[in-house]
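Residue numbers (full-length UniProt numbering): 1 to 727.
For each residue, glycine too, the CB sits at the ideal point set by N, CA and C.
For clarity, every value in this text was computed on a predicted model and none was experimentally measured.
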């Protein structure tokens, strides 16, 4: 292949330029003479390779790579695979000498693992490069080739070299023999080895997942198509490592790959895959809620090389999961409810109240996200003490910089649980996301702050992922933290403080909460477009009568906990009799919130009450999410691989207004590539129907996923499990 790219400049320290592109190649001579060739030398007199058969079907089956929609051989490292070589005559072991050469990148070097010569021997050692002949028949031989369990991950070029007394003869460059080598969770010597077959099926081979979103009091779920086996996705994932300029020699190490990927998934400082947008305006792009999976995003980036607009946390996490599973690193998508975004990582989220007990949005910098999605990747951590391997947090959502780049992880989940946040990478930040106190401070006229209330249990209350083999929810909070209030939890906190997580000094002794009155509130289940109530309940446990001046503030918020606008203010006085409870209803009308609603249909209520007799303040806050109607998906006729089938998507507009410029998307890995349809208008209370015809190509249980999107209504999803039969 001719060298089209310019040669990189060398600096004084290197003999060979840095090699960080899997795509670039060097020219390999087909005849490498040992000196002057004698007259009459004819290469045809010697053993010559006529053809190489990659035996793809058998190898892919054995290596769990048969689902990849890719014409080339794909194998996993540390596990033998077979190839067949046809020579021009029968092979004579005594006199004929040949070997294999695997090359990757433009400057292959043996000591970097980018040039791998493999001699034919008698035994294969587990997890080390080698080859042995398993069959000889006529002019053909069959080889069993073992790759190293620490081999680089990427696309290798294969040459067969034959020794002659005058020089080395090589096969010509043939892209049909290119071989992808991936991580191998089935191989005990691999850094990503996972010993449970059910877990491997879920965390490597499942190409559809579930994203949990909504709010802790109203958990919602939607499917996400990872599509790691779809056409061109493997090449797109390898391109991401080229884009991140990860040196080829580092591509056998899952720690390095995760670290650079968490940066290249977002576009903040390196023109990476997805541009984030949290401000509800998505001009010249796709709203984050409209995506149904990762495939469109990765393919668009692979072809345009420009960030794809737009994403929010679950989109970054969905694409990151595709990348990890595609390369063979076990991965799962995690949702943390009430995740703290603590601007100064001091384990304290300060909410500053003004005289009336309202939150001062200008002075309050910290926020609690209704939920935040990140990923866990499974690997050993030889760079840390024993015991910190296993699940590692990696997060592609750009929140804070780490070593100068927007990236996060890998951070050991075990280290976070025990407070050992000194271990790389970014453990203090993740620790603060799942452990933090909310402190309500009142600003006095002289500028000082008085602590009014401390909530130690609000942050990181629930951490979940999809269960293995089903769409249900698995609670993994205990992987991250000990039981709230337990001795172990205290110890983990003290350990984290010792290792440098900042926590502001304990509140001074003047903080004396009102112990004998309790206040709580809950919101009725609210359907988009209808009215609902907030019910506030006081319990006076004392023998005194109290009056409480109570203020309710209703805000429309981004799911990141950042307020867009206050749509409801309501103040009332509650008369509290001794030893009794009393509830008060506040009605929220749809006309009050519909005009300002954001795409997550999410509200945040603060209720603050001042006990007039003592001057003490009670403060609580809660998020609530509206019920959004779903799309209905139906199929008609038989569902057989290779035969045409019909899919219908239906939706009824629940609002009292027309929906304008509506986009529907439908996809299903192995059934159909993403289809899109635009509708100019859906009148109030009317139903639209869209029929699509397709030819499913993969049998088995598949999932169809649809989304509807327009400015007035987002996060509308539907899904359907379909059993595609074998023809």
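Item: Using CA atoms only, rank isn't needed, just tell me which of 117, 132 and 44 is closest to residue 124.; Value: 132
Item: Reducing DSSP to helix, strand and coil, say where residue 82 ends up.; Value: strand
Item: State whether the segment 145-153 contacts the segment 166-178, with contact taken as three or more CB pairs (one from each stretch) at a distance under 8 Å.; Value: no
Item: Below 8 Å on the Cβ atoms is my guess for residue 626 versus residue 720; work out the distance and round it to an integer in Å.; Value: Between residue 720 and residue 626 the Cβ distance is about 24 Å, and since that is not below 8 Å, they are no contact.
Item: Hey, which unbroken runs of the alpha helix (DSSP H) at 4 residues or more fall wholly within the segment 538-593?; Value: 590-593
Item: By the DSSP assignment, the alpha helix (DSSP H) with residue 318 in it spans what residues?; Value: 313-327
Item: On the DSSP bridge assignment, give the partners of residue 340 in chain order.; Value: 368
Item: Closest to residue 432 by CA distance: which of 349, 397 and 353 is it?; Value: 349
Item: So residue 259 is in the alpha helix (DSSP H); what residue range does that whole segment cover?; Value: 254-264
Item: Could you tell me whether the segment 671-685 touches the segment 636-653, where touching means 3 or more Cβ pairs closer than 8 Å?; Value: yes
Item: Roughly how many angstroms lie between the CA atoms of residue 273 and residue 330, to the nearest whole one?; Value: 21 Å
Item: Would you give the residue range spanned by the alpha helix (DSSP H) that residue 429 belongs to?; Value: 427-434
Item: On the three-state DSSP scale, how would you describe residue 117?; Value: strand
Item: For residue 728, tell me which candidate among 82, 77 and 292 has the shortest Cα-Cα distance.; Value: Residue coverage of the chain in this structure runs from 1 to 727, which leaves residue 728 outside it and unanswerable.
Item: Verify whether the separation of the beta carbon atoms of residue 86 and residue 21 is less than 8 Å.; Value: no
Item: Which whole-angstrom value is the C-beta distance of residue 412 and residue 388, which I expect to be below 8 Å?; Value: 4 Å
Item: Cβ atoms of residue 518 and residue 734: under 8 Å apart, would you say?; Value: Beyond the ends of the chain as shown, which are 1 and 727, falls residue 734; an answer cannot be given.
Item: To the nearest angstrom, report how far apart residue 398 and residue 711 are at their CA atoms.; Value: 25 Å
Item: First and last residue of the alpha helix (DSSP H) that includes residue 304?; Value: 295-304
Item: Cβ atoms of residue 58 and residue 255: under 8 Å apart, would you say?; Value: no
Item: According to DSSP, is residue 355 helix, strand or coil?; Value: coil
Item: If you drop the 5 nearest sequence neighbours on each side, which residues of the same chain put their C-beta closer than 6 Å to that of residue 675?; Value: 666 and 692
Item: Go through its chain and collect everything with a Cβ distance to residue 628's Cβ below 7 Å, but skip five positions before and after it.; Value: 528, 601, 715 and 716
Item: Could you check the C-alpha separation between residue 162 and residue 190 for me, to the nearest Å?; Value: 32 Å
Item: Using DSSP with H/G/I as helix, E/B as strand and the rest coil, what is residue 732?; Value: An answer regarding residue 732 cannot be provided, because it is not within the stretch 1 to 727 covered by the chain.
Item: Would you say the segment 197-209 touches the segment 465-476, given that touching needs at least three Cβ pairs under 8 Å?; Value: yes
Item: When the distance is taken between beta carbons, is residue 187 closer than 8 Å to residue 332?; Value: no
Item: Just tell me which of 664, 175, 90 and 609 has its CA closest to the CA of residue 53.; Value: 175
Item: Just tell me which of 226, 485 and 193 has its CA closest to the CA of residue 206.; Value: 226
Item: Considering only residues of the same chain and omitting the five flanking positions on each side of residue 260, which have a CB-CB separation below 6 Å?; Value: 244 and 246
Item: If you follow the alpha helix (DSSP H) that residue 478 is in, where does it begin and where does it stop?; Value: 477-480
Item: Any contact of the segment 312-331 with the segment 205-225, i.e. 3+ C-beta pairs under 8 Å?; Value: yes
Item: When we look at the beta-carbon of residue 257 and count the other beta-carbons within 10 Å, is it buried (16 or more) or exposed?; Value: buried
Item: Is the segment 413-426 close to the segment 471-480, with three or more CB pairs under 8 Å?; Value: yes
Item: Spell out the partners DSSP gives residue 682 in its beta bridges.; Value: 659
Item: Please name the residue, chosen from 232, 532 and 306, that lies closest to residue 264 on a Cα-to-Cα basis.; Value: 306
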